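S.K.: If you're matching them up, the sequences are chains A and B in order.
Residues in the first sequence are numbered consecutively from 302, following the working numbering.
Residues in the second sequence are numbered consecutively from 302, following the working numbering.
2 protein chains.
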Amino acid sequence: MSGYAPSEAARRSGFSLDTLRYYEKIGLLADVERTAGGQRVFTDDDLGWLVLFRCLRDTGMPIAQMRRYAQLARDGEHTTDERHELLCHHAARVEEQMRLLQRQYDHLREKIRFYEGLPGTAPGSEAG
Amino acid sequence: MSGYAPSEAARRSGFSLDTLRYYEKIGLLADVERTAGGQRVFTDDDLGWLVLFRCLRDTGMPIAQMRRYAQLARDGEHTTDERHELLCHHAARVEEQMRLLQRQYDHLREKIRFYEGLPGTAPGSEAG
DNA sequence: CTCCAACCTGGAGCGCGCTCCAGGTCAAGC
DNA sequence: GCTTGACCTGGAGCGCGCTCCAGGTTGGAG
Numbered sequence: 302m303s304g305y306a307p308s309e310a311a312r313r314s315g316f317s318l319d320t321l322r323y324y325e326k327i328g329l330l331a332d333v334e335r336t337a338g339g340q341r342v343f344t345d346d347d348l349g350w351l352v353l354f355r356c357l358r359d360t361g362m363p364i365a366q367m368r369r370y371a372q373l374a375r376d377g378e379h380t381t382d383e384r385h386e387l388l389c390h391h392a393a394r395v396e397e398q399m400r401l402l403q404r405q406y407d408h409l410r411e412k413i414r415f416y417e418g419l420p421g422t423a424p425g426s427e428a429g
Numbered sequence: 302m303s304g305y306a307p308s309e310a311a312r313r314s315g316f317s318l319d320t321l322r323y324y325e326k327i328g329l330l331a332d333v334e335r336t337a338g339g340q341r342v343f344t345d346d347d348l349g350w351l352v353l354f355r356c357l358r359d360t361g362m363p364i365a366q367m368r369r370y371a372q373l374a375r376d377g378e379h380t381t382d383e384r385h386e387l388l389c390h391h392a393a394r395v396e397e398q399m400r401l402l403q404r405q406y407d408h409l410r411e412k413i414r415f416y417e418g419l420p421g422t423a424p425g426s427e428a429g
């Protein structure tokens, strides 16, 4: 069950080996277990964190904030409120991001419609 | 109607003065008109381009591709097919981006639900 | 005519998030 | 035991998209 070689962890998480090492180096991923010889062994727990990091990264959270979250989690149960709040704030930002993306996507579609000769919109100021 | 000072163009477009100069320098914005003394005068047309650039930028198009699009537009009418295609490809990428964002947002919401003690999900591997 | 805020230029610098490298170590298979 | 590919470290480098700076010019208000 538990105990993945770096390459396996990379494959499963979708992060590169360098990124995994980087995440540990900057203290995002807590110190990863090692073999006697010093090679990393990733646990299911580590993998769980990586899934979370991918989620947060894909939704645009800066690394500094992920670090903060991870640190809070390491600090123990009494930080759950703060972690909850952090995620809620982030979710609100993601919602805003989704609205903006949708709006600009609509603009883009309008522009494309213009190229397809369908009316629907006056060309507006000429920009390509 | 036409003829905006740099600060006005910045205000209207939401780009900084430095960014406007940068966009011209790299050939994204075509050569902007100047006063006798060399100060920029932005036209409605320029503003139209800036609106488009904001749309493309907000949807994640790299500057190199925006440049390509702008160059095609400058090259004339016979590039409309290619421009259309470029925008369509981009729109497809944006759709994928929106799906990913939605998916990860759902994950995030699930995580938040977990903090709120509502069941709905097993905690899964412990990651904060 | 004077002033000063807004503008100009070329070029350096930055913040982010990795990515790559050199030079060395580890460990599984033969 | 030897080979070989995966792994280790510290640190430099990169690509993107700006952002800032110094030192000089412009141009509208008073």
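Quick reminder that beta carbons are idealized off the backbone N, C-alpha and C, glycines included.
Just so we're clear, the structure is a prediction, and the values are computed from it rather than from any experiment.
1. CB-CB under 8 Å to residue 342 of chain A, same chain, minus the five flanking residues each way: which ones, in chain order?
2. Would you decide whether residue 377 of chain A is buried or exposed? Buried here means 16 or more other CB atoms lie within 10 Å of its CB.
3. Any idea what DSSP makes of residue 343 of chain A, helix, strand or coil?
4. Can you check whether the CB of residue 310 of chain A is closer than 9 Å to the CB of residue 359 of chain A?
5. Report yes or no: do three or more beta-carbon pairs, one from the region 393–403 of chain A and one from the region 350–358 of chain B, lie closer than 8 Å?
6. Give the DSSP bridge partners of residue 305 of chain B, in chain order.
7. Determine whether the beta carbon atoms of residue 384 of chain B and residue 416 of chain A lie at a separation below 9 Å.
8. Measure from the C-beta of residue 259 of chain A to each C-beta in chain B and report whether the shortest distance is under 9 Å.
9. Run through chain A and tell me which residues come within less than 7 Å of residue 405 of chain B, C-beta to C-beta.
10. Whose Cβ in chain A lies nearer than 9 Å to the Cβ of residue 333 of chain B?
11. Taking the C-alpha atoms as reference points, what is the distance between residue 373 of chain A and residue 316 of chain B?
12. By DSSP, does residue 334 of chain B sit in helix, in strand, or in coil?
13. If residue 410 of chain B and residue 392 of chain A are in contact, beta carbons under 8 Å, what's the gap, nearest whole angstrom?
14. Short of 8 Å in beta carbon distance, which residues of its chain neighbour residue 371 of chain B, apart from the five on each side in sequence? Order them along the chain.
15. Counting only C-beta atoms, is residue 408 of chain A closer than 9 Å to chain B at any point?
16. With a 10 Å radius around its C-beta and 16 neighbouring C-beta atoms as the bar for buried, classify residue 314 of chain B as buried or exposed.
17. From the beta carbon of residue 388 of chain B, is the nearest beta carbon of chain A less than 9 Å away?
18. Identify each residue in the region 307–322 of chain B for which the Cβ-Cβ distance to at least one residue of chain A is less than 8 Å, and report them in chain order.
19. Given a threshold of 16 other Cβ atoms within 10 Å of its Cβ, counted over all protein chains shown, does residue 318 of chain A qualify as buried or as exposed?
20. Counting contacts by CB-CB distance shorter than 9 Å, is residue 384 of chain A in contact with chain B?
21. Express the C-alpha separation of residue 398 of chain B and residue 368 of chain A in angstroms, rounding to a whole number.
M.R.: By the coordinates alone:
1. 304, 305, 306, 333, 334, 335 and 336
2. exposed
3. strand
4. no
5. At 8 Å Cβ cutoff, the stretches do not touch.
6. B:343
7. yes
8. Any question about residue 259 of chain A goes unanswered here, given that chain A covers just 302 to 429.
9. 356, 359 and 360
10. Neighbours of residue 333 of chain B on chain A: none; closest Cβ ~14 Å, over 9 Å.
11. 36 Å
12. strand
13. 7 Å
14. 328, 329, 330, 331 and 350
15. yes
16. buried
17. yes
18. none
19. exposed
20. yes
21. 24 Å
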